[in-house]
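The sequence shown maps to residues 1 to 238 in the UniProt record's numbering.
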Amino acid sequence: MDASSAPAPAAEATRTEQVDTPAGPARISWYGASRPRSVVALGHGAGGGIEAADLVALAAALPPAGAVVALVEQPWRVAGRRIAPAPAALDTAWTALWPALAAPGLPVVAGGRSAGARVACRTAERLGAAAVLALAFPLHPPGRPESSRAAELTAAAAALPLLTVQGGHDPFGRPGEFPPGQEPVEVPCADHGFAVPKRADITQEAALAVLTRAVTNWLAGLGHAAPRTAVTASPPRE
(Lines of atoms letter the chains of each structure in order from A; the text may use other names.)
(Lines give C-alpha, C1' and ligand atoms only; values in the text may rest on other atoms or scores of the structure.)
Protein backbone atom coordinates (compact mmCIF):
# COMPACT_ATOMS: atom_id res chain seq x y z
CA MET A 1 0.00 0.00 0.00
CA ASP A 2 1.49 3.32 -1.05
CA ALA A 3 -0.79 5.85 0.59
CA SER A 4 -1.77 5.99 4.22
CA SER A 5 -5.46 6.43 4.92
CA ALA A 6 -4.62 8.70 7.84
CA PRO A 7 -4.89 12.45 7.28
CA ALA A 8 -1.73 14.42 6.55
CA PRO A 9 -1.06 18.15 6.67
CA ALA A 10 -2.27 19.66 3.41
CA ALA A 11 -0.91 22.44 1.26
CA GLU A 12 -2.25 23.92 -1.95
CA ALA A 13 -0.11 23.68 -5.06
CA THR A 14 1.15 27.01 -6.36
CA ARG A 15 0.71 25.79 -9.92
CA THR A 16 0.52 22.64 -11.99
CA GLU A 17 2.42 21.91 -15.17
CA GLN A 18 1.92 19.28 -17.84
CA VAL A 19 5.07 17.91 -19.47
CA ASP A 20 5.15 15.73 -22.57
CA THR A 21 7.15 12.50 -22.35
CA PRO A 22 7.55 9.50 -24.67
CA ALA A 23 4.95 7.68 -22.53
CA GLY A 24 2.43 10.54 -22.65
CA PRO A 25 1.86 13.65 -20.54
CA ALA A 26 3.24 13.79 -17.01
CA ARG A 27 2.09 16.34 -14.45
CA ILE A 28 4.06 18.37 -11.92
CA SER A 29 2.37 20.03 -8.94
CA TRP A 30 4.59 22.83 -7.66
CA TYR A 31 4.64 24.04 -4.05
CA GLY A 32 6.56 27.31 -4.01
CA ALA A 33 8.90 28.73 -1.38
CA SER A 34 9.30 32.45 -0.70
CA ARG A 35 13.11 32.20 -0.49
CA PRO A 36 13.93 29.05 -2.43
CA ARG A 37 17.29 27.32 -2.17
CA SER A 38 16.48 24.04 -3.90
CA VAL A 39 13.84 21.97 -5.66
CA VAL A 40 12.84 18.65 -4.09
CA ALA A 41 11.27 16.51 -6.82
CA LEU A 42 9.21 13.60 -5.53
CA GLY A 43 7.72 10.78 -7.55
CA HIS A 44 4.95 8.48 -6.33
CA GLY A 45 4.86 4.72 -5.95
CA ALA A 46 3.43 1.97 -8.11
CA GLY A 47 0.27 1.58 -6.05
CA GLY A 48 -0.75 5.19 -5.52
CA GLY A 49 -0.22 8.80 -6.49
CA ILE A 50 0.90 12.09 -5.02
CA GLU A 51 -1.84 11.91 -2.40
CA ALA A 52 0.43 9.62 -0.33
CA ALA A 53 0.73 10.88 3.24
CA ASP A 54 4.51 11.31 3.17
CA LEU A 55 4.46 13.33 -0.06
CA VAL A 56 1.61 15.53 1.17
CA ALA A 57 3.40 16.15 4.47
CA LEU A 58 6.64 17.16 2.75
CA ALA A 59 4.79 19.46 0.34
CA ALA A 60 3.54 21.33 3.40
CA ALA A 61 6.71 21.21 5.52
CA LEU A 62 9.56 21.93 3.10
CA PRO A 63 8.60 25.24 1.41
CA PRO A 64 8.80 27.24 4.68
CA ALA A 65 12.35 25.87 5.02
CA GLY A 66 13.37 27.11 1.58
CA ALA A 67 12.71 24.07 -0.60
CA VAL A 68 10.36 24.20 -3.56
CA VAL A 69 8.52 20.87 -3.76
CA ALA A 70 7.60 19.33 -7.11
CA LEU A 71 5.24 16.36 -6.86
CA VAL A 72 5.52 14.40 -10.08
CA GLU A 73 2.75 12.23 -11.52
CA GLN A 74 3.97 9.67 -14.01
CA PRO A 75 2.12 9.42 -17.36
CA TRP A 76 0.37 6.19 -16.40
CA ARG A 77 -1.27 7.94 -13.44
CA VAL A 78 -2.20 11.01 -15.47
CA ALA A 79 -3.84 8.71 -18.03
CA GLY A 80 -5.87 6.99 -15.32
CA ARG A 81 -4.26 3.58 -15.67
CA ARG A 82 -4.05 1.35 -12.61
CA ILE A 83 -0.90 -0.61 -13.36
CA ALA A 84 2.55 0.96 -13.52
CA PRO A 85 4.74 0.18 -16.54
CA ALA A 86 8.16 -1.45 -16.41
CA PRO A 87 10.99 0.36 -14.56
CA ALA A 88 12.66 1.37 -17.83
CA ALA A 89 9.50 3.22 -18.91
CA LEU A 90 9.33 5.02 -15.57
CA ASP A 91 12.96 6.07 -15.91
CA THR A 92 12.37 7.32 -19.46
CA ALA A 93 9.43 9.49 -18.43
CA TRP A 94 11.32 10.89 -15.42
CA THR A 95 14.29 11.71 -17.64
CA ALA A 96 12.05 13.49 -20.15
CA LEU A 97 10.48 15.74 -17.52
CA TRP A 98 13.75 16.50 -15.71
CA PRO A 99 14.41 19.73 -17.67
CA ALA A 100 11.15 21.12 -16.26
CA LEU A 101 12.33 20.29 -12.74
CA ALA A 102 15.67 21.98 -13.39
CA ALA A 103 14.12 25.03 -15.07
CA PRO A 104 14.03 27.17 -11.88
CA GLY A 105 17.83 27.09 -11.89
CA LEU A 106 18.12 25.66 -8.38
CA PRO A 107 19.82 22.47 -7.16
CA VAL A 108 17.39 19.59 -7.67
CA VAL A 109 17.09 16.80 -5.13
CA ALA A 110 15.77 13.71 -6.92
CA GLY A 111 13.38 11.77 -4.74
CA GLY A 112 10.28 9.74 -4.40
CA ARG A 113 8.51 7.07 -2.44
CA SER A 114 8.60 3.33 -3.13
CA ALA A 115 8.90 2.81 -6.90
CA GLY A 116 9.50 6.55 -7.24
CA ALA A 117 12.50 6.24 -4.93
CA ARG A 118 13.92 3.53 -7.16
CA VAL A 119 13.53 5.77 -10.22
CA ALA A 120 15.37 8.58 -8.42
CA CYS A 121 18.21 6.28 -7.37
CA ARG A 122 18.69 4.86 -10.86
CA THR A 123 18.70 8.19 -12.69
CA ALA A 124 19.98 10.86 -10.29
CA GLU A 125 23.66 10.86 -11.17
CA ARG A 126 23.29 11.04 -14.95
CA LEU A 127 20.60 13.71 -14.71
CA GLY A 128 22.79 15.96 -12.57
CA ALA A 129 20.80 15.80 -9.34
CA ALA A 130 22.29 17.41 -6.25
CA ALA A 131 21.21 14.60 -3.90
CA VAL A 132 18.76 11.71 -3.57
CA LEU A 133 15.83 11.30 -1.18
CA ALA A 134 14.39 7.78 -0.89
CA LEU A 135 11.15 7.38 1.04
CA ALA A 136 9.85 3.87 1.83
CA PHE A 137 12.45 2.33 -0.46
CA PRO A 138 11.20 -1.13 -1.53
CA LEU A 139 14.34 -3.03 -0.59
CA HIS A 140 12.69 -6.31 -1.56
CA PRO A 141 9.21 -7.69 -2.29
CA PRO A 142 7.37 -8.62 0.93
CA GLY A 143 8.59 -11.96 2.22
CA ARG A 144 11.36 -12.22 -0.37
CA PRO A 145 14.52 -10.71 1.14
CA GLU A 146 16.65 -12.69 -1.31
CA SER A 147 15.34 -10.43 -4.13
CA SER A 148 17.24 -7.40 -2.87
CA ARG A 149 17.33 -4.05 -4.67
CA ALA A 150 20.06 -2.71 -2.40
CA ALA A 151 22.38 -2.22 -5.38
CA GLU A 152 20.26 0.72 -6.54
CA LEU A 153 20.70 2.47 -3.19
CA THR A 154 24.39 1.66 -3.03
CA ALA A 155 25.04 3.06 -6.50
CA ALA A 156 23.16 6.27 -5.71
CA ALA A 157 24.97 6.72 -2.38
CA ALA A 158 28.34 6.22 -4.05
CA ALA A 159 27.66 9.16 -6.35
CA LEU A 160 25.55 11.61 -4.35
CA PRO A 161 24.35 12.48 -0.85
CA LEU A 162 21.50 10.09 -0.02
CA LEU A 163 18.83 10.06 2.67
CA THR A 164 16.52 7.10 3.13
CA VAL A 165 13.49 7.26 5.44
CA GLN A 166 11.83 3.95 6.23
CA GLY A 167 8.94 2.73 8.33
CA GLY A 168 9.99 0.53 11.22
CA HIS A 169 7.45 -2.12 10.19
CA ASP A 170 7.74 -1.77 6.41
CA PRO A 171 7.21 -5.23 4.84
CA PHE A 172 9.23 -4.10 1.81
CA GLY A 173 12.31 -3.77 4.02
CA ARG A 174 12.71 -2.89 7.68
CA PRO A 175 15.50 -0.50 8.66
CA GLY A 176 17.66 -3.30 10.09
CA GLU A 177 17.70 -5.08 6.73
CA PHE A 178 19.51 -2.28 4.90
CA PRO A 179 23.19 -2.78 4.05
CA PRO A 180 25.94 -1.24 6.21
CA GLY A 181 26.38 2.43 5.44
CA GLN A 182 22.84 2.70 4.04
CA GLU A 183 20.96 2.71 7.33
CA PRO A 184 17.75 4.73 6.96
CA VAL A 185 16.07 7.12 9.34
CA GLU A 186 13.41 5.01 11.04
CA VAL A 187 9.82 6.14 11.53
CA PRO A 188 8.78 3.99 14.50
CA CYS A 189 5.91 1.53 14.04
CA ALA A 190 5.19 2.80 10.51
CA ASP A 191 4.32 0.63 7.52
CA HIS A 192 5.15 1.15 3.84
CA GLY A 193 2.79 4.14 3.67
CA PHE A 194 4.13 5.55 6.97
CA ALA A 195 0.82 4.73 8.65
CA VAL A 196 1.01 3.64 12.28
CA PRO A 197 -1.46 1.42 14.15
CA LYS A 198 -3.96 3.13 16.42
CA ARG A 199 -2.44 1.40 19.43
CA ALA A 200 1.14 2.32 18.57
CA ASP A 201 3.31 4.26 21.00
CA ILE A 202 3.43 7.13 18.51
CA THR A 203 0.61 9.12 16.93
CA GLN A 204 0.20 9.45 13.17
CA GLU A 205 1.00 13.15 13.41
CA ALA A 206 4.19 12.45 15.34
CA ALA A 207 5.23 9.75 12.88
CA LEU A 208 4.97 12.12 9.95
CA ALA A 209 6.82 14.76 11.98
CA VAL A 210 9.75 12.34 12.34
CA LEU A 211 9.86 12.11 8.55
CA THR A 212 9.53 15.81 7.79
CA ARG A 213 12.04 16.79 10.47
CA ALA A 214 14.60 14.30 9.17
CA VAL A 215 14.26 15.56 5.61
CA THR A 216 14.33 19.24 6.59
CA ASN A 217 17.44 18.81 8.74
CA TRP A 218 19.18 16.80 6.01
CA LEU A 219 18.48 19.50 3.44
CA ALA A 220 19.79 22.13 5.83
CA GLY A 221 22.97 20.11 6.22
CA LEU A 222 23.39 20.09 2.46
CA GLY A 223 22.96 23.87 2.40
CA HIS A 224 19.72 23.47 0.43
CA ALA A 225 17.33 24.62 3.16
CA ALA A 226 17.30 27.09 6.00
CA PRO A 227 18.03 25.76 9.49
CA ARG A 228 14.81 24.96 11.27
CA THR A 229 13.81 24.47 14.88
CA ALA A 230 12.63 21.06 15.99
CA VAL A 231 9.17 20.07 14.87
CA THR A 232 6.61 20.11 17.65
CA ALA A 233 4.68 16.87 17.34
CA SER A 234 1.83 15.27 19.20
CA PRO A 235 3.03 13.38 22.26
CA PRO A 236 3.23 9.59 22.21
CA ARG A 237 0.09 7.74 23.16
CA GLU A 238 -0.26 6.68 26.76
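Where a beta carbon is used, it is the ideal one built from N, C-alpha and C, also for glycine. These numbers were taken from a predicted model, which means no experiment stands behind them.
Original post:
Alpha carbon to alpha carbon, how far is T14 from V68?
Top reply: Looking at the two C-alpha atoms, the distance is approximately 10 Å.
**OP:** For the alpha helix (DSSP H) holding P175, just list the boundary residues, first then last.
**Re:** Where P175 is concerned, there is no enclosing alpha helix (DSSP H), given that its DSSP letter is neither H nor E.
Original post:
On the three-state DSSP scale, how would you describe T212?
Top reply: In this structure, T212 counts as helix in the three-state DSSP scheme.
Subject >> 3 or more residues per run - each beta strand (DSSP E) lying fully within the segment 4-41 >> reply: Counting whole runs of 3 or more residues, the segment 4-41 contains the beta strand (DSSP E) stretches 15-21, 24-31.
Original post:
Whose CA, out of G193, V39, A59, lies closest to the CA of R174?
Top reply: Measuring from the Cα of R174, the nearest candidate turns out to be G193.
Original post:
Helix, strand or coil: how does DSSP classify G43 here?
Top reply: Under the three-state reduction of DSSP output, G43 falls in the strand class.
Original post:
If you draw a straight line from the alpha carbon of G45 to that of A110, how long is it in whole angstroms?
Top reply: About 14 Å.
Original post:
For the alpha helix (DSSP H) that R149 lies in, which residues bound it at each end?
Top reply: Unbroken run through R149: none, as it is neither H nor E.
Original post:
Around the C-beta of I202, are 16 or more other C-beta atoms found within 10 angstroms, so that it is buried, or is it exposed?
Top reply: Per the 10 Å Cβ criterion, buried.
Original post:
In three-state DSSP terms, what is E73?
Top reply: Correct three-state label for E73: strand.
Original post:
Thinking C-beta only, is E12 closer than 8 Å to I28?
Top reply: Taking 8 Å as the Cβ cut-off, I28 and E12 do not qualify as a contacting pair.
**OP:** Please check the pair P138 and F172, which I expect to be a contact at CB under 8 Å, by giving their CB distance rounded to whole angstroms.
**Re:** Contact holds; Cβ gap of about 4 Å.
Subject >> Boundaries (first-last residue) of the beta strand (DSSP E) holding G116 >> reply: Note, G116: premise wrong, no beta strand (DSSP E); alpha helix (DSSP H) at 115-127.
**OP:** Would you tell me roughly how many angstroms separate the C-alpha atoms of L133 and C189, rounded to the nearest one?
**Re:** Taking the Cα positions, L133 is about 21 Å away from C189.
**OP:** State the Cα-Cα distance for the pair S114 and T123, rounded to the nearest angstrom.
**Re:** Whole-angstrom Cα-Cα distance: 15 Å.
Original post:
How long is the line joining the alpha carbons of L58 and L135, rounded to whole angstroms?
Top reply: Taking the straight line joining both Cα atoms gives about 11 Å.
Subject >> Alpha-carbon spacing of A120 relative to A200, whole angstroms >> reply: Spanning the two alpha carbons is a distance of roughly 31 Å.
**OP:** Go through its chain and collect everything with a Cβ distance to L160's Cβ below 8 Å, but skip five positions before and after it.
**Re:** Cβ within range, chain order: A124, E125, A129, A130, A131, V132.
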